[in-house]
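Following: one structure in structure tokens, then a few remarks.
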Amino acid sequence: MEFMKISYSWIKEFVDVKLSPEKLGDRLTMAGLSVASLEEIDGDWVYDIEVMSNRPDWLSARGIAREVAAITNTKFANSRVCEFTGVKKKKINRTTGKRPDNRLTVSVEDTKACPLYYGNLITGVKAAESPAWLIKRLNSVGLRSVNNVVDITNLCLMEYGQPLHAFDFDKLEGGAIIVRRARDGERLILLDGIEKRLSAGLLVIADKKKPVAIAGIMGGQASEVTSKTVNIMLESACFDPVVIRQGARTIGVVSDSSYRFERSVDIPGVRAGLLAATRMICDMCGGTLVVSRQSGMPAQPKKQKIMFDLKEAVDVLSIRVTSREAKNILKRLGFVVKDKKQDVFEVTAPSFRKDVKVAEDLTEEIARSYGYDKIPLTTPEIRPFSMEVSKDQAIERVSRELLVAMGFKEVITYSLTSEENYAKSAIQVPPGINALVNPLSQDYHLLRTTLLPALFECASFNINRNDPNFEIFEIAHIFGEAEETISVGILLSGDKRAEWLKDYRPYTLYDLKGALESLFDELRVKGYVFVKPQPAGASIFCIFINGQMAGSIGVMSEAVKKRWGIKVKKDIFVAEVSLSALARVADLKKVFTPIASTPSISRDISVLTGDVTPYAAIKELIEKRAAGYLKAIALSECYQGKEVPRGSRGLTISLTYGSDTKTLTDAEINLVHSNVLEGLVKELSLTLR
275 MEFMKISYSW IKEFVDVKLS PEKLGDRLTM AGLSVASLEE IDGDWVYDIE
325 VMSNRPDWLS ARGIAREVAA ITNTKFANSR VCEFTGVKKK KINRTTGKRP
375 DNRLTVSVED TKACPLYYGN LITGVKAAES PAWLIKRLNS VGLRSVNNVV
425 DITNLCLMEY GQPLHAFDFD KLEGGAIIVR RARDGERLIL LDGIEKRLSA
475 GLLVIADKKK PVAIAGIMGG QASEVTSKTV NIMLESACFD PVVIRQGART
525 IGVVSDSSYR FERSVDIPGV RAGLLAATRM ICDMCGGTLV VSRQSGMPAQ
575 PKKQKIMFDL KEAVDVLSIR VTSREAKNIL KRLGFVVKDK KQDVFEVTAP
625 SFRKDVKVAE DLTEEIARSY GYDKIPLTTP EIRPFSMEVS KDQAIERVSR
675 ELLVAMGFKE VITYSLTSEE NYAKSAIQVP PGINALVNPL SQDYHLLRTT
725 LLPALFECAS FNINRNDPNF EIFEIAHIFG EAEETISVGI LLSGDKRAEW
775 LKDYRPYTLY DLKGALESLF DELRVKGYVF VKPQPAGASI FCIFINGQMA
825 GSIGVMSEAV KKRWGIKVKK DIFVAEVSLS ALARVADLKK VFTPIASTPS
875 ISRDISVLTG DVTPYAAIKE LIEKRAAGYL KAIALSECYQ GKEVPRGSRG
925 LTISLTYGSD TKTLTDAEIN LVHSNVLEGL VKELSLTLR
């Protein structure tokens, strides 16, 4: 937060203020210009005002005075030129005289970094001590007096918000001003006496041979104005805010000038500040303006016209403001207002108000000037509304609620990762991965394409802090080369928590598989299968939905454990599934199923199957063959042992039959059950046991 000092007497030069200094300070604070302090100095009152970064116009006496005029409903004397000094408003004397050796030349090599540069050559200057009023004025705002020439540039800086700099023209080689980039190895002693080594690319002001100032930041000692100075070159310019900000950080120097340039100066103010300073130097220091040079003419920013409906603003603020009052407030703040229809205006913001872009900004301006303290306290009207939730958001919510209900703990990790985390997770960095251009750290410079490295890092963190038993999940966005999707990652570590009458037991792959199946069933996803790759790799199962891969489920390898510093012997199970893929096939409609009014009958099936036949295919066939009668299906047992041939497994499946309209007879159930058995044998080539 920057502060702007301004005296009460200085404000009164622009605005006929009737309020006391204390009351004016209160009004300023209530209008958004927070007065941090108010103190009496040499019979005058000085305000220290907090300035927000989006209001560089407040970094000038004229900007503060304009606000005072608006909130006190008084006229702002914008045309005033240094009347306090008693200086006459005489015409500046212009001649075509030449210096004995050369005339002033100005050139700009980087017009993007410096779109506008003015240079005024003023001769016959007598640099001496400033008058008492000027010294007092500068002291009141925290600036020390140097000499009358420098003090005038500082006074205009504080009044107009436009930084100026005066060079001793006789110390400029070849009478030239060149705005260019520094060359590596160049050095410059600044006005504060500190020598700086200039890096290549730093914007500088130079003469024919050397840099004489760092553009927009600070001048050099070699060309400063002293008591021996006779001829000066007065600079006023517009520099690119980013260039100045980078330059100030590079050399470690922040000045009143750089602070203003970093926040963008007002283009019309570049010339206005120069003319005011030139007039004062000619009048107070005996100078004569010999020549004025200009380089560049920045494109005038397109004036944005804002349609402003006063009725909408009044509804928002709950205050009574007439059309005339609203227009007066905006005009006093520098806006151009045109009537369009009743209580609707076309408003054009002034060049120094780049922060005003929409009608709501104008509503705020009226509220500030009217007074925040005058806005009545009202209970806001609460109107019922329904917010439409997208299918992706609904899938995300249902998935999160289900996993939490199942005992999982949610983790939230960074969306940024690194090549190192991919390597530790045995995952190849995909080509085209999105990387930050200017990352804060190389540990966080890639947009992740998978949640697994983050889950592995969480597992390592917990296990190495003596917490080996946990179940976690994360629902977050992952980023492909051209699209962003949502995934859910799940990780099980150690032992399953003990339940009533049950002891701890190690997690198995089926615990994780069962959690995913519960999720799929909750989302009413059909057509999913768990397929074991051949040969089996790091992923024990790949998850396919309608033939498209949607995720994977597997065991963390010992090599990956070692890279992450995990030293437990028990298996760690992990899965990742695309919720975006689930959203394409999920059915979130709530369907009420009444309680059965007729009894159901259970039958078991024992079959012998090979490893290549997934249970999902068996389940799908049973549901198809017993359609209309099957109420429930469950895998009761999976057996591999002496009684089962090598490469095969025995499955016991429990089926529950029933009807919503009648009680099924044994004959009807036998018919349906036989149809199921026939399909298992003929279509899947299973052996009944």
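Each position in the sequence shown, counted from 1, maps to that position plus 274 in my numbering. Where is the CB? At the ideal position from N, CA and C, for every residue including glycine.
The beta carbons of Tyr392 and Gly543 sit about 12 Å from each other, so the pair does not count as a contact at 8 Å. Distance from Ile814 to Gly801 at the Cβ level is roughly 21 Å; contact not present, criterion being Cβ atoms closer than 8 Å.
In the structure shown, Ile840 adopts coil according to DSSP, grouped into three states. Distance from Leu548 to Leu438 at the Cβ level is roughly 7 Å; contact confirmed, criterion being Cβ atoms closer than 8 Å.
Between the region 681-689 and the region 746-762 there are three or more C-beta pairs closer than 8 Å, enough to call the two in contact. When DSSP states are grouped into helix, strand and coil, Pro780 belongs to the strand group. Boundaries of the beta strand (DSSP E) around Gly393: 390-397. When C-alpha distances from Ile396 are compared across Ile737, Asn352, Thr596, Ser566, the shortest belongs to Ser566. Taking the Cβ atoms as the reference, Val342 lies roughly 16 Å from Val415, outside the contact range of under 8 Å.
In terms of Cα proximity to Val618, the closest of Ser281, Arg627, Phe609, Ala600 is Ala600. Listed in chain order, the alpha helix (DSSP H) elements of length 4 or more contained wholly in the region 927-961 are 940-956. Where Gly828 is concerned, there is no enclosing alpha helix (DSSP H), although the beta strand (DSSP E) around it starts and stops at 822-829. Between Leu720 and Asn708, the alpha-carbon positions lie close to 6 Å from each other.
Here Tyr903 really is in contact with Val946; their C-beta atoms are around 5 Å apart, less than 8 Å.
Along the length of the region 385-447, whole beta strand (DSSP E) runs at least 3 residues long occupy 390-397, 438-442, reported in chain order. In this structure, DSSP gives Glu498 a state outside helix and strand, which the three-state scheme calls coil. By the neighbour-count criterion, in which a residue is buried when 16 or more other Cβ atoms sit within 10 angstroms of its Cβ, Glu498 is buried. Taken in chain order, the complete alpha helix (DSSP H) segments of 4 residues or longer contained in the region 657-692 are 665-679.
Lys286 carries a helical assignment under DSSP once its states are collapsed to helix, strand and coil. Here DSSP, grouped into helix, strand and coil, assigns Gly754 to coil. For Asn738, the closest C-alpha among the options Ile892, Lys836, Val851 is that of Lys836. Your pair Val799 and Val859 checks out as a contact, with CB atoms roughly 6 Å apart and the cut at 8 Å. Boundaries of the alpha helix (DSSP H) harbouring Tyr644: 633-644, taken from the DSSP string.
The C-alpha of Leu726 is placed about 12 Å away from the C-alpha of Gly825.
Within the same chain, and ignoring the five residues on either side of Ala908 in sequence, the residues whose Cβ sits closer than 6 Å to its Cβ are Ser928.
Ranked by Cα distance from Asp717, the first of Glu313, Gly681, Pro704, Glu731 is Glu731. Excluding sequence positions up to five before and after Leu464, its CB lies within less than 8 Å of the CB of Lys470, Ile488, Met492, Gly493, Gly494, Gln495, Val527, all in the same chain and listed in chain order.
Separation of the CB atoms of Leu729 and Leu765 is rounded to 5 Å, and the pair is thereby assigned contact status at 8 Å.
Here Asp316 carries a coil assignment [DSSP, helix/strand/coil].
Excluding sequence positions up to five before and after Val881, its CB lies within less than 7 Å of the CB of Leu925, Leu954, Leu960, Thr961, Leu962, Arg963, all in the same chain and listed in chain order. In terms of Cβ geometry, Ile896 and Val950 form a close pair [threshold 7 Å]. If you draw a straight line from the Cα of Tyr321 to the Cα of Leu312, it is about 5 Å long.
Here DSSP, grouped into helix, strand and coil, assigns Gly902 to coil.
By the neighbour-count definition (other C-beta atoms within 10 Å, threshold 16), Glu536 is a buried residue. The beta carbon of Leu417 sits closer than 7 Å to those of Asn428, all from its chain and outside the five residues before and after it, given in chain order.
About 6 Å separates the CB atoms of Val423 and Cys559; that is less than 8 Å, so the two are in contact.
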